[in-house]
Each structure stands twice: as structure tokens, then as C-alpha cells.
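This report refers to the structure that appears directly beneath it.
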Amino acid sequence: MTAPMTSSQVEDRAEEIRGRLVRMPGVDPSWSRLVEAVDADGVPRTWHLLDTHAGRDATDVRGTLVCVHGNPTWSYLWRRLLAAPPEGWRVVAVDQLGMGFSEHPQGTLGKPRHLAQRLTDLTGLTDVLDLGDRVVVAGHDWGGMVATGWALAHRDRLAGIVLANTTVWHDFDTGLPLALRFSLAPASLRAGTVDTPAFVRGTTAVSSPRPPRPVRDAYAAPYATAADRAFVGQFVADIPTRPGDPTRATMTALADGLTALGQEPDPVPVLLLRGPKDPVFSEDHLRDLRRRLPHADVHRYEGASHLVLEDAPRTAADVAAWIRARVEGQAPDDDPAGAPRPTVSDLAVGTSTRPWAGLTRMAGEHPSALCVAEIRDGEPASAVSFGQLETAVEHVALGLRAAGVRPGDRVGLLVEPGVDLTTAVYACWRAGAVIVVADAGLGFAGMGRALRGAGTDHVVAMSTALAALPAMRIPGQRFVAGDVPAAARRALSVAATLDELRAAGRELAAAGESMPELLTGDADAAVLYTSGATGPSKGVVYTVDQIRAQVGGFGHIYRLRPGDRLVAAFAPFALYGPALGVAGVAPDMKVTAPATLTAAALADAIRIAEATTVFASPAALRNVLRTGGDVTAEQREALGRVEVLMSAGAPVPASLLQELRDTLMPRAEMHTPYGMTECLPVSDITLDEIESLTGAPDEGVCVGRPIAGVSLAVAPLPAEVGDGDGPLTIEAGVTGEVCVRAAHMLDRYDQLWATTHAAEHHPLGWHRTGDVGHLDAEGRLWVEGRRVHVVHTPAGPVTPVGLEQRVEALPEVASAAVVGVGPVDTQQIVVVVTREETATDASDTSGASDATGPTDGTDGADAPAAGARRVLRAVAGRLGVARRAPRVLADDALATAVRESTDLPVAAVLVRASMPVDIRHQSKIDRAELAAWAEQVLSGGIGR
């Protein structure tokens, strides 16, 4: 259509579109409007928009968010932002010409409408819209390029840019993603994109999770016929695969423009959204945008694919929060506790330019003293002195610099704890690089996801891990710690071995070269990863000064002094040693399985190193205790010399420490530090103090008082989900989310802007730990569980740990976990237990005839518990569940004992052979998995 539509035609068309929108989930037909504007060819065209202020006065808005879709979607993609815009903002989502319900402009499959024309088209539209002088432009897919072009042409009113799964650059020499290669092939271009709906339907087919059918149909609605899909094909045909294609020059101009924008003294705020499972726009595209826009905020939505705005519903709220924080500069809240975070710690080791000063000092004063050792089969497998490590670090750093490692580069480390890992870590820091440590505890898939997401520039891998790099799709130049056959080296593109880097650095040092001081206190130093026990593992970024403060705090609470020796069964603690001037010894155990640490292996490490301090997780210590009877007299003597034992990673039962003290380590002062990947250590408590608290009325696990330089408070939990937390308080007995302030807490989550914003800006300067608990009258912290594990009952929130402790005190129970089953705010409490080996096996229970709970009747049970069981029975009845009891239900005696241990209404007691736990510590119970399992059991889905 080339002639302008008459007013009656416009109205008829508008009514037709609104009639179709009525049937689409999540869209308000009142947002729909038609606007006429001149296109790039000088022809008036009718655009379709979704506009929060359609038919309303928009002169008093705080700003306007203009949203541009890609191919083959339409303005429907942005419906969640339209439904929940930033407060006071107008949202306008356009259908590009030829797309959605907008008019088709000029163009054919052979001569498609080019990107430059689409940039001009959009400017023509915005010229007739009253957008105001504060505009944030957002784009997805090809719409990201269109949005970028508009942004660069309208800097006078540009207030921000949001780009989602898009790019302005592609290395066309490497080819195209498989899906686009197929779509662009001459034989399939028309067939796949125009004649059939394959391309249209394929876009939602790759979503993760797959949208419901009505949503998929809504995306496809404007493209029902081949004529409707003409410009779907043209968008694909415009991909500039040949050097002379006009759109390639446009992309180059956009890329240069973004680079210039990123170099401005006060650049406009930018938010980059990423769905990592995208089969079209890769991590390379995101890395390119980050290089051009180094100031940009990034948020990755693990599990999301190309349609990240569809796949991750929270994107709308995150964009709104980002506009409030970055564009409007609003303070997060008015909590009086809010204040800038502390930046300096009196406990920090070294200096901002030389955080390893403790290593250098020991190398000068005691060069032959043991620094790092690995124990295998009761003997040192490898060991270096402080002098040897100092020299090796300097030489490897020189070798890394010669190999192209630059300050700020990210270096992924896939090396087991020991000499090579310690050398690599300190050499990277000396070269000004950022270490990325994704330990084996994340599992194969988790490590790959972490390192890909981190965007490593280089990787140092042990030879056994090297072959996995291609499968994990980890980017970056490759170095290997160890020997590798020449053929494998060529096939895996190994740039150098660690020994070769050391040799190259030795030659450079002999020629007079040395490493300059490249670090600053606020430079990134490390990306570490959470265990992933309560969700996808998150990258935690620490600066140099934060690492210095963390290491110093660790040394302070355990009174570690230069020359001391530490046996560390957890890699980070071993790595701290050289910076403290303390020897770190890795015992003989499997890194991914802490429970493989035996008493004999621990004793050998202590004996060989003459160590007095030990760190191990609860899972490791349980096996040490279990195998304690196997040690020799010499090994028992070594264990008896331990002066300090630390255990963390999960709640540490006092009984475990007591048994270790009474049987193996009589001299040891037992400590259980509390902290998390985001801030460690936070607090500390000794076994003696734990024992002094026996009989205290407090719920949870006491983790002691905060260490020097740490502040603790709680944000009181609301009575109902969805209500806001109360202001931070240090009042005794108030249960809420634990919040911490310290110089050594994380700088931010890596490429998780919204998570960082939520965790550390409410109130400002505090980190929300995700744990729940309370402070007692003496200022000690009692942890009552994770916030995501709180059971939201009709009577209010119930934290799990207190009830779990009471149940675990029963003689027949080995471990217990409390989970919630049912809708939030009406959840029922379910207790899952494992039994002591001497107790009756749950599979032998009999007499339980109700599929939803033990048939102990209601005599003696309180009314709420009986009511809860009736609810569960009713649910099971509606689902047609058989009335025979599944074998996982506790017998009457155990169920009664559990209920009598608490005043809380327990709906069901279930029995398992074991608890699902995290890989890293093998101690943190996966309550989310347990809750899903319990729900299946109680609905009749599992009868084991």
C-alpha cells in the first residue's frame, strides 16, 4: 500500500487489531494505536504501536522508553514492560515497518529493505511522536541495531540504552550460526522464511522455557500468510554476508559510534541483557558490546535463550529498577542504616599494588621455608619453598605478559589445589590479570557455564582438564599445567605449558626485565563462584583491596602468623597462605568429594608439614571421624598436635566437633567460621562457646559474633509474601534476612546487575546474604536457614533450622530437612528425615493406609496439624491417588515423635535413604529438590 489510509480505514484497521489483541495473553488492547509517519523513501506509512499512553496526556511523564523488536517478533515482545513500566514513565513499543501490524514499505526478497532504511524509518516515526526530552531506547535482536542507530542520532535527548541479545558486529569470516546459514541458503530462504511459517515458529520453539501455546500463537499472529511474512524474509536477506553489502557498512558505523559513546567522559547509562542459550547471538557478540561499552551494566539470565525478554519474565522489573537507579539516580530506599560501604580494612595484607607482599617478605627472610605442598600416598608429591615460589611467580608472570596477557584480562583456572594452582594465581595477579576460579565442585556443566559466562581471555588448565575445554566451549588462549602430547597440543591449540612460561620468563629476567606494579586497589582481582546449592552458581567479583581484606581477616581470627603451616582441605584457604606468609598444604583427597578425606590422609599432611592449623568441611570431618580407628600411632600423634581446627561450608554439628576433640584432636580449639562466597569470614565461634549455649532458647545455629570490621543486622521478614521487609535492626530476637557490611565483601556479582542491586542496595552499603536468622542479646548471630527455604504457612513464615534441630535430636533420626508443600502463604510443613542405621528401615513400615500422611489419627495432635493433613488428603483425593501408603511415609512412632518435638503443625513426615546435597561441600541439603520430591510423594506421583 503506497497511498495514505483514509481516516475511516485507519479506524477500521485499529478496531480489527484491537479485536485480535483481546485474545492474546498479557496485552491490553487499549495500548494499541496507529500512527502515520514518513518512511525512508519519503512515503507516508501507517505504523502500529503499543503505547501505555495511547489516548492519554503524556506531557507529565518522567521519561519515555522506546522499544524496538527484531525478526520475526513484534511489539508483543515488550508487553511485560508495558504492563509494569518504571513509575511515571511512558513505554512505546513499535512494530517495525513490514512487521507486526505495521504497513509494508518498499522492498523485495531480492532487494530487501536495508538496515540504514530502518534507522531512517524509526526517526521518521519518533519525529511525529511527542517523546519528550528524556528517552531510553531498547532493542532486541536486529532491533538492537535499529535502537542503537536511533540512540547515536539523538544524543541530545538520549538518557539510556537497553540492548538484549543483539550485536553491532559479527566476524563474517567465521560464517554464520547454523540456523541463519540454513535460512540464508538460496534454496531455503523463501521456503523457510516466507512461504512457510518455519522461521516464525522456530523463534519461539527455541525459547527456554518454551512459552505456552497461546503465547506462541500470539507471536505468530501477525504472520499468518506468506504475504504477511514478506519482510520476515527480507530481514534475513539483509544479513550482510558479502563485504560489499550496504548493511555491513551501516553495522561498522554503528560499532564505531558505540565505541565512541563508551569513551565519553560521562557516558550514557547502558544495560545489556543476555539469554545465554541463544543459538544466534553468541558470547562473542556480548563480549564485543562490553569492549565497546566498558561502563555498561550486564545481566545474564541463566537458562534463557534468544527471546530473553520472554524467557525471563523478571526482565521487565529489572529494566524498571535499572532506569530508577541509573537513569533517574534514585537512592534505593530511605532506610537510615544505608551508607556507603567501608572500603579500607586495618586487617588487609600487603599493599594495593603488591597484595602478595607476605610471600615476598618470607622469600627474603626465610627462602627455604616450606610454602606449598601436595600430599599423595603419605608423601609429598610436590613442594616449593617461599623462595622458590617467589621466583616462579615472577618468571611465570613475565611469561604470561610475553604471551599476550594484559592487565584486566580474565584468566580461567582449571587446576587442582597445589603448587601449580598457587603459582598460576599469584603470577596472574602479578601480571595484573583477573583470576576466574570455577572449581570442580560446580560439576562439568557448571564449570563450563561459569567460564563461558565470565568471558575468559585465557585459560590455564591441567592436562586432564584440557581436553574438556572444547566441549565446554570455554573461550581464550590456552595454557596447560603439566605435560601434553604434541598431537593433542596442536589439536587443542595450546599456546604454552606452565613450564614454558616459566622458562620464557626466566630468560626475560636474565635479560634484565622485571614486572612493574600493575595493580590498583579498585581493580578486579578475582571472580569466584557460589556453590549453586540454592540456584544457578553466581560469579562473585572481588577487587584487589577486597581480597587483601579477606585474606587479612582470615589470618586475624585464627591468629595465623608468618611461618605457620595450614592444612587446607578447601582450595581458597590454601591459596591465602602465601599472602600471609603461611605455608599451605593440600591433603590427599579428591577435590570434588570432600568426604574422601580420611583420618590417615589428614594426619599425613599434618605430620609432613608439621602443621598446627586445619580447615575442612563438615563432610570431610565426618569421614575423618569415621576412619579415625584406622590411623597408626604416629598419625594419631600428628592429629593430637593440631591447635586450631576450622570447619565451614554448611552448619557444623557441635556433636561432630565434640567427637573429634574427644577422640582425635584433644588439643584443638574448634572453630566454625560463618560466611559465604560473597563475604568470608563474617563471624566465628568456638566449640567451647557453643557448649556454653546449651539450653539457650534461641532457634537455629549460633555462628558467633562478627569479626573485627564486620557489621551485622537483620531485615525483619514480612508476615506475608510480597510485603516489604522491615528496616534493618540489631534488636535481639527479631528474625529476618541477615545483612552484612564489611570491607571484604564482594564488589558485585559478575554480569548480574539486578542481583547485585537487590543484594547490596537495600539498604545501600549492605549485602543481603540470603540467610535468615536473628541476633541474641550478646550480639551473636543465630542462622535459621536460607530465605528461599522459609516455609510460608497461613500462620506466617517458618524458618527451617530450628525444627530440623529438634527432629535431629530424636535418637532414630540421622538428619532432617523441613520443606514447604503447596501454594505460597498456605504452605504445609513437611519434615523429611533419614534414619540412623540402627533404626527400623522406613520401607518396613506398615499400617499406614493414607496416601498423604501417616495414619496416626488426630488424637493428641493439634488442630492445625490435623487440618493440614486433611488439606493434603483432599488434594490427593482430587488427583485420584490410591489409598495405600507409599513406602516413604514414616511409621506411626516416628511421625508422632516428630510432631511431639514441636508446636508447629507438621503435615507429613517422609523418610529417605539419603539427602540430596551440593557437590562442593557435600553438606548443604538441596531443599528445593526435596520440596519437589515431597510434593510428588504427597500427590501420589512417587510411591517408593
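For the sequence shown, the working numbering gives the first residue as 604, with consecutive numbering after it. Heads up, the beta-carbon is just placed ideally off N, CA and C, and yes, glycines get one too.
State the Cα-Cα distance for the pair residue i and residue j, rounded to the nearest angstrom.
i: proline 688; j: glutamate 1302; result: 41 Å
i: arginine 636; j: valine 839; result: 27 Å
i: valine 911; j: valine 694; result: 19 Å
i: leucine 892; j: asparagine 674; result: 20 Å
i: isoleucine 1528; j: alanine 1420; result: 8 Å
i: arginine 1270; j: leucine 1200; result: 21 Å
i: leucine 1406; j: valine 1416; result: 13 Å
i: glutamate 619; j: arginine 721; result: 26 Å
i: alanine 1442; j: valine 987; result: For alanine 1442, the predicted model reports a pLDDT of 35, less than 50, meaning its position is unreliable and no value from the coordinates is stated.
i: proline 708; j: leucine 725; result: 13 Å
i: valine 650; j: phenylalanine 884; result: The sequence given here places tryptophan at residue 650; valine does not occur at that position. Looking at the two C-alpha atoms, the distance is approximately 28 Å.
i: threonine 545; j: valine 1434; result: The displayed coordinates of the chain run from 604 to 1547. Any statement about residue 545 would go beyond what the structure contains.
i: isoleucine 1150; j: valine 996; result: 18 Å
i: serine 611; j: arginine 793; result: 35 Å
i: proline 1519; j: alanine 1048; result: 18 Å
i: methionine 604; j: glycine 701; result: Its pLDDT being 46, under 50, methionine 604 is placed unreliably in this model, and the value from its coordinates should be taken loosely. One C-alpha to the other measures close to 11 Å.
i: glycine 836; j: arginine 648; result: 20 Å
i: proline 1309; j: glycine 1425; result: 37 Å
In three-state terms, what does DSSP make of residue i?
i: leucine 1121; result: coil
i: phenylalanine 1173; result: coil
i: glycine 1423; result: strand
i: aspartate 663; result: coil
i: alanine 1027; result: helix
i: aspartate 1462; result: In this prediction, aspartate 1462 scores a pLDDT of 35, lower than 50, which makes its location untrustworthy; no coordinate-derived value is stated.
i: glutamine 1431; result: strand
i: valine 1528; result: Correcting the residue type first, residue 1528 is isoleucine in the shown sequence and not valine. Strand.
i: aspartate 1444; result: Note that aspartate 1444 has pLDDT 34, beneath the 50 cutoff, so the model's placement of it is unreliable and the number below is only indicative. Three-state result, aspartate 1444: coil.
i: proline 1457; result: Legend: pLDDT at proline 1457 = 32, less than 50; position of this residue unreliable, no value from coordinates given.
i: threonine 1396; result: strand
i: arginine 1515; result: coil
i: proline 632; result: helix
i: valine 1333; result: Note that residue 1333 is isoleucine in the sequence shown, not valine. Isoleucine 1333: coil per DSSP, three-state reduction.
i: arginine 816; result: helix
i: tryptophan 753; result: helix
i: serine 1258; result: helix
i: isoleucine 1288; result: coil
Look up residue i in the DSSP assignment and give the residues it is bridged to.
i: methionine 1065; result: Ala1084
i: alanine 976; result: Ala986 and Val1188
i: phenylalanine 1218; result: Ala1171 and Met1249
i: leucine 1378; result: Leu1384
i: threonine 1437; result: Ser1418
i: methionine 1279; result: Cys1282
i: histidine 1370; result: Val1343
i: alanine 1099; result: Phe1082
At a threshold of 7 Å, does residue i count as lining the ligand FAD (C-beta to nearest heavy atom)?
i: valine 1422; result: What this structure holds is no ligand at all, so the ligand FAD is not there to describe.
Quick check on the DSSP output: the beta strand (DSSP E) that includes residue i runs from which residue to which?
i: alanine 1128; result: 1127-1132
i: methionine 1273; result: 1272-1274
i: aspartate 654; result: 647-654
i: aspartate 900; result: 900-903
i: arginine 877; result: 873-877
i: proline 1309; result: 1304-1309
i: threonine 1146; result: 1142-1146
Note the first and the last residue of the continuous alpha helix (DSSP H) segment covering residue i.
i: histidine 743; result: Unbroken run through histidine 743 is the beta strand (DSSP E), 738-743; no alpha helix (DSSP H).
i: glutamate 1340; result: Note, glutamate 1340: premise wrong, no alpha helix (DSSP H); beta strand (DSSP E) at 1339-1344.
i: glycine 559; result: The requested residue 559 is not part of the displayed model; the chain covers only 604 to 1547.
i: leucine 1016; result: Taken as a continuous stretch (DSSP letters only), leucine 1016 belongs to no alpha helix (DSSP H), being part of the beta strand (DSSP E) at 1013-1017.
i: leucine 700; result: Per DSSP, leucine 700 belongs to no alpha helix (DSSP H) and is neither H nor E.
i: threonine 1499; result: 1495-1503
i: proline 1197; result: Here proline 1197 belongs to no alpha helix (DSSP H), and DSSP marks it neither H nor E.
i: alanine 1403; result: Going by the sequence as given, residue 1403 is proline instead of alanine. From DSSP, the alpha helix (DSSP H) with proline 1403 extends over 1403-1411.
Comparing the C-beta of residue i with each C-beta of chain D, is any distance below 8 Å?
i: glycine 1329; result: No chain D appears in the structure shown, which is made up of a single protein chain.
> Per the contact definition of three or more C-beta pairs closer than 8 Å, is the stretch 1147-1159 in contact with the stretch 1172-1187?
Replying inline: yes
> Is the stretch 1331-1339 touching the stretch 1377-1390 in the sense that three or more CB pairs, one from each, lie closer than 8 Å?
Replying inline: yes
> Any contact of the stretch 674-686 with the stretch 639-653, i.e. 3+ C-beta pairs under 8 Å?
Replying inline: yes
> Between the stretch 941-949 and the stretch 872-882, do at least 3 Cβ pairs fall closer than 8 Å?
Replying inline: no
> With a cut-off of 8 Å, do at least 3 Cβ pairs link the stretch 742-762 to the stretch 663-671?
Replying inline: yes
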